[in-house]
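Everything on this sheet refers to the single structure shown next.
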Amino acid sequence: MLDIFASIPTQMDYKGQKLAEQIFQGIILFSAVIGFTYGYVIEQFGWTVYIVIAGFAVSCLLTLPPWPMYRRNPLKWLPAQDSAVEEKKQQEKKSKKHK
Amino acid sequence: MNTVLSRANSLFAFSLSVMAALTFGCFITTAFKDRVVPVNIHVSRVTLENVEDFTGPREKSDLGFLIFDINADLQPIFDWNVKQLFIYLSAEYSTKSNALNQVVLWDKIILRGDNPKLSLKEMKSKYFFFDDGNGLKGNRNITLTLSWNVVPNAGILPLVTGSGHISIPFPETYKTPMSY
Amino acid sequence: MNEYHMEQGEQGRRCWQRQAPPLLCQQLPDSGSSCHPTPGSAILMQSLEMDLFGDLRRMNKRQLYYQVLNFAMIVSSALMIWKGLIVVTGSESPIVVVLSGSMEPAFHRGDLLFLTNFQEDPIRAGEIVVFKVEGRDIPIVHRVIKVHEKENGDIKFLTKGDNNEVDDRGLYKEGQNWLEKKDVVGRARGFLPYVGMVTIVMNDYPKFKYAVLAIMGAFVLLKRES
């Protein structure tokens, strides 16, 4: 069971985070403009509020979960080095200096 | 922005700021609007009595009874930032003891969506028209105005007086009805 | 908000556990505090709590003072704004939350009112005033329905809630028939719906209030400014 949970990806990469932020800002600003105009025309501010809430819901759905499109640029890490080998090297260096 | 929670947090914060900006926009588009409309008030009969003010002070005071008609179309006042109108008919006059008296005789709440056309016939006042003393008898100048308090969705709460008020004299004696 | 922050991934964590060379750390774009862990705490920083105290542990004295000062700054600027509003509006409490339904449907529980109380501003019928009655702690928000003003400016007035059937004489002190200028806390000038709901919830559930305050205080004090 725990393995299944552990295998669910939870993080976005840096570019994905930036993309997610741009997407939700775009959606909410767009819904705000639409809602304001529509509410002004039909003279119901309530509709403005509803449209913005709808935009909020849509952007929650689109940007909260780490969808694959936010994981396209994973960081490249240096390969893990074996610490045992490292220590040996350093010891070798030291011993060389001593000589 | 790295976890679901921090994304939810910034998403929520951003939406709230946008909502606040929109609310301010709604307020600013209606803040400078002129909300005066013409009003037609007619008083058909006034009776005066002198009784103990049972609503409070327990002193012998002048009590007036009015029968009135009101006609007004309040539709132009409503826009997208008006939640309700509180309309009230008030009598304003001065007496020997008080330089200014204002008494609300009748009021009504008109919500958005209610019928904004007022056409009242032969109405009696909703509240007792007690003076603070005996200043109604023979008062030459009692002014009746219809005013409204605009309650917005968000914003200022202006008091507006309708254009068209009437001034009437009150009877010189008690218990003799005066017609106009 | 614009800082893109990467939780140390599985790989990253493994690297730190094995005393990764400093080069690897620099390779990460500046990701705030998680980049420079002290050797002992790196493995432990998994839960939020641990992360919080990890931040605290990584602060030196100077940062700690800065943190406390920052907290004091927030509290004192809130106080300054409040006191400044009192001076500007002339009202002893310029922002009030509606607590009862006696002014419905104009004001509901949780709506916010902005008050002014300029002395030269006359009190007139139809206005919504906030007043205090002797023997009652909580001020009342109601509408003026009767005004009697003398030549010298002495004023007495009567109020009534829009949603109440009768005037407020039953609410006043026994034998009191009129309110005077000194009873007025402010006149309602601005209105904002729902915003005061937070304070209502906090008043109704004091435990919730203390929990929120504690969490917010902890975050401000323990979380390092980036």
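In order, the protein sequences belong to chains A, B and C. Position one of the first sequence corresponds to residue -11 (the numbering used here), numbered consecutively onward. Position one of the second sequence corresponds to residue 1121 (the numbering used here), numbered consecutively onward. Position one of the third sequence corresponds to residue 145 (the numbering used here), numbered consecutively onward. Note that beta-carbon positions come from the ideal geometry of N, C-alpha and C, so glycine has one too. Only a predicted model underlies this, so the values are computations on that prediction, with no experimental measurement involved.
Partner residues on chain B for residue i, Cβ-Cβ distance less than 7 angstroms
i	result
C:GLU293	ASN1218, ALA1219, LEU1220
A:PHE44	SER1135
C:GLU271	LEU1279
C:ILE289	VAL1224, TYR1247
C:ASP348	Those within 7 angstroms of C:ASP348 in chain B number zero; the least Cβ separation is about 23 angstroms.
Top-ranked residue by Cα proximity to residue i, from the options
i	options	result
B:ASN1191	B:VAL1159, B:LEU1183, B:PHE1174, B:LYS1180	B:VAL1159
C:LEU256	C:VAL291, C:ALA222, C:VAL274	C:VAL274
B:GLU1179	B:THR1263, B:ASN1254, B:LEU1125, B:GLU1292	B:ASN1254
C:GLU120	B:THR1293, B:SER1283, B:TRP1226, B:ALA1211	In the structure as shown, chain C starts at 145 and stops at 370, and residue 120 of chain C therefore has no counterpart that could be examined.
B:LEU1320	A:PRO54, A:TYR26, A:GLN10	With chain B covering only 1121 through 1300, there is no way to say anything about residue 1320 of chain B.
B:LEU1183	B:ASP1193, B:GLU1169, B:ILE1207	B:GLU1169
B:ARG1260	B:THR1150, B:ALA1151, B:VAL1166, B:SER1135	B:VAL1166
C:VAL328	C:VAL342, C:ILE344, C:LYS300, C:MET217	C:LYS300
B:LYS1203	B:TYR1213, B:PHE1250, B:ILE1276	B:ILE1276
B:LYS1246	B:THR1215, B:VAL1224, B:ALA1151	B:VAL1224
C:ASP265	C:VAL345, C:VAL241, C:ALA332	C:ALA332
B:TRP1200	A:TYR2, A:GLN5, A:ARG60, A:ILE30	A:ILE30
B:ASN1221	C:ILE284, C:GLY270, C:ALA358	C:GLY270
C:ARG280	C:GLY361, C:LEU315, C:GLY334, C:THR343	C:LEU315
C:THR303	C:HIS292, C:ARG253, C:ALA355	C:HIS292
A:ALA45	A:GLY4, A:LYS3, A:PHE12, A:LEU7	A:PHE12
C:ARG253	C:ALA362, C:VAL345, C:LEU366	C:VAL345
C:ARG287	C:ILE230, C:ASP311, C:LEU365	C:ASP311
C:MET239	C:LYS326, C:LEU357, C:THR343	Per the sequence shown, the amino acid found at residue 239 of chain C is Ile instead of Met. C:ILE239 has its Cα closest to that of C:THR343, out of C:LYS326, C:LEU357, C:THR343.
B:ASN1235	B:ALA1211, B:PHE1250, B:LEU1194	B:LEU1194
B:ASP1173	B:LEU1256, B:ILE1161, B:ASP1251, B:GLY1284	B:ASP1251
B:ASN1218	C:GLY297, C:ASN321, C:LYS325, C:VAL339	C:GLY297
Where residue i meets chain B, residues with beta-carbon distance less than 8 angstroms
i	result
A:LEU52	VAL1124, ARG1127, ALA1128, LEU1131
A:TYR38	Per Cβ cutoff of 8 angstroms: no residues; A:TYR38 is ~12 angstroms from chain B at best.
CB contact below 8 angstroms: residue i versus chain B
i	result
A:GLN32	yes
C:LEU336	yes
C:GLY361	no
A:ILE11	no
A:THR25	no
C:PRO283	no
C:LEU172	Per-residue confidence for C:LEU172 stands at a pLDDT of 35, beneath the threshold of 50, marking its modelled position as unreliable; no derived number is given.
C:ASP312	no
C:ALA355	no
C:ARG253	no
C:ASP265	no
A:GLN69	no
C:PRO249	yes
C:ARG268	yes
Limits of the beta strand (DSSP E) - the one that residue i falls within
i	result
C:ASP258	The residue asked about is misnamed: residue 258 of chain C is Phe in this sequence, not Asp. C:PHE258 -> beta strand (DSSP E) spans 256 to 260.
C:GLY85	It is not possible to answer for residue 85 of chain C, since the shown part of chain C is limited to 145 through 370.
B:ARG1127	Note, B:ARG1127: premise wrong, no beta strand (DSSP E); alpha helix (DSSP H) at 1124 to 1150.
B:SER1287	1286 to 1288
B:ILE1161	1159 to 1172
B:MET1243	1237 to 1244
B:GLU1212	1204 to 1213
B:THR1175	It is not in any beta strand (DSSP E) - B:THR1175 carries neither H nor E in the DSSP assignment.
B:GLN1222	1220 to 1231
B:LEU1184	For the sequence presented, residue 1184 of chain B should be read as Gly rather than Leu. Looking at the DSSP string, the run of the beta strand (DSSP E) that includes B:GLY1184 is 1180 to 1193.
Neighbour flag for residue i against chain C, beta carbons, 8 angstroms
i	result
B:VAL1224	yes
B:SER1287	no
B:TYR1208	yes
B:SER1164	no
B:LEU1168	no
B:ASN1160	no
B:VAL1138	no
Residue-chain proximity (residue i, chain A), Cβ-Cβ < 8 angstroms
i	result
B:LEU1194	no
B:LEU1205	no
B:PHE1144	no
B:THR1265	no
B:MET1298	no
7 angstroms Cβ cut-off: residues of chain A touching residue i
i	result
B:ASN1273	PHE33
B:ASN1201	PHE33
Span of the alpha helix (DSSP H) around residue i
i	result
A:VAL21	2 to 30
A:SER47	33 to 51
C:VAL356	350 to 366
Listed by chain order, chain C residues near residue i by CB distance under 9 angstroms
i	result
B:ASP1301	Lying outside 1121 to 1300, the shown extent of chain B, residue 1301 of chain B is not represented and no answer is given.
Cross-chain neighbours of residue i in chain C, by beta carbon under 7 angstroms
i	result
B:ILE1276	ARG333, GLY334
B:ILE1230	Result: empty, since nearest Cβ-Cβ is about 11 angstroms, beyond 7 angstroms.
B:ASP1252	HIS292
Under 8 angstroms by beta carbon: chain A residues contacting residue i
i	result
B:PHE1134	PHE12, GLN13, ILE16
Beta-carbon neighbours of residue i, restricted to chain C and to distances below 8 angstroms
i	result
B:ASP1182	Simply none; closest approach about 13 angstroms.
Where residue i meets chain B, residues with beta-carbon distance less than 9 angstroms
i	result
A:MET57	By Cβ distance, chain B contributes nothing, its closest Cβ being about 14 angstroms from A:MET57, past 9 angstroms.
Length at least 3, wholly inside the stretch 309 to 340 of chain C: the beta strand (DSSP E) runs in chain order: 328 to 336
Enumerated in chain order, which unbroken segments of the beta strand (DSSP E) with a length of 3 residues or greater are wholly contained in the stretch 259 to 295 of chain C? 272 to 275, 284 to 293
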